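Comments concern the structure below.
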């Protein structure tokens with residue numbers, strides 16, 4: 013072990029300084045969450061492997077973490093010898109998913125579970141925000157158009173990404189176009 017961090021920001025600083033082979037990361041940290049931290053680690057140090065170790069096994073955590081670049085997603089009930097094995101495998105580039113997580117991934121790939129498209133889980137306001145993202149607006153432009161605060165927009169964007177299992181705004185925009193949520197003629201009224 014070459015370093016330990018108490019927050020996402022601190023982890024990024026250490027990764028930039030130490031360029032470790034692997035980072036063991038929880039999703040819930042003070043400040044920047046584990047998903048955003050994973051995304052940024054992969055940007056500043058693409059060779060660093062991120063292993064998520066968490067107690068969360070719901071889709072809203074699993075898919076964004078994997079899309080952000082985590083090589084492994086394991087749960088905290090894993091025994092220490094297994095954890096060490098996962099870390100060794102991750103350094104070699106091998107993916108490891110906890111059995112409960114692997115089960116959710118397979119169900120998602122097979123289309124099992126919800127029969128409805130994921131976007132039906134969005135509120136009307138989240139759908140409005142998604143349309144504006146797809147049309148290239150920034151958070152401040154969306155806030156101005158919808159007459160809400162920029163922090164409220166950020167909250168909506170976070171909810172959209174979680175509900176749709178997406179990693180970033182670009183994926184959200186592509187998703188909106190692919191699903192027909194937005195078209196050249198669509199307009200959001202403020």
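In the working numbering, the protein residues as written are 13 to 202.
All C-beta atoms in this analysis are idealised placements derived from N, C-alpha and C, irrespective of residue type, glycine included.
Owing to the predicted nature of the structure, the values given are computational and were not obtained by experimental measurement.
Item                                                                                                                                                                              : Value
Evaluate residue 31 with the Cβ neighbour count: other Cβ atoms within 10 Å of its Cβ, from every protein chain shown; 16 or more gives buried, anything less gives exposed.      : exposed
Which residues share a DSSP beta bridge with residue 108?                                                                                                                         : 84
What are the partner residues of residue 63, as DSSP defines its beta bridges?                                                                                                    : 36 and 84
Would you report the Cα separation of residue 81 and residue 99, rounded to the nearest angstrom?                                                                                 : 15 angstroms
Pick out whichever of 105, 121 and 169 has its Cα sitting closest to the Cα of residue 136.                                                                                       : 169
Residue 187 by DSSP, collapsed to three states: which one?                                                                                                                        : helix
Given that a residue counts as buried once 16 or more other Cβ atoms are within 10 Å of its Cβ, and exposed if not, what is residue 118?                                          : exposed
Check whether the segment 86-102 touches the segment 63-75, taking contact to mean three or more Cβ pairs, one atom from each stretch, closer than 8 angstroms.                   : yes
How should residue 14 be labelled, buried or exposed, when 16 other C-beta atoms within 10 angstroms of its C-beta is the threshold for buried?                                   : exposed
Kindly indicate the opening and closing residues of the alpha helix (DSSP H) around residue 92.                                                                                   : 92-103
Considering only their Cβ atoms, is the gap separating residue 134 from residue 172 smaller than 8 angstroms?                                                                     : yes
With a threshold of 8 angstroms on Cβ separation, who are the neighbours of residue 71 within its own chain once the five nearest residues in sequence on each side are excluded? : 116, 120 and 177
In angstroms, rounded to a whole number, what distance separates the CA positions of residue 148 and residue 39?                                                                  : 29 angstroms
Between 142, 105, 106 and 27, which lies nearest to residue 53 when the distance is taken from Cα to Cα?                                                                          : 27
Near residue 128, what residues of its chain come up, given a Cβ to Cβ distance below 8 angstroms and the 5 sequence neighbours on each side ignored?                             : Interpretation of residue 128 is limited by its pLDDT of 46, a score under 50 that renders its predicted location unreliable; the figure taken from the coordinates is listed afterwards. Correct list: empty, nothing qualifies.
Is the separation between the beta-carbon of residue 23 and that of residue 47 shorter than 8 angstroms?                                                                          : no
In the DSSP assignment, find the unbroken alpha helix (DSSP H) run with residue 145 in it and report its ends.                                                                    : 136-146
Going by DSSP, what residue range makes up the alpha helix (DSSP H) through residue 149?                                                                                          : No alpha helix (DSSP H) holds residue 149; DSSP gives it neither H nor E.
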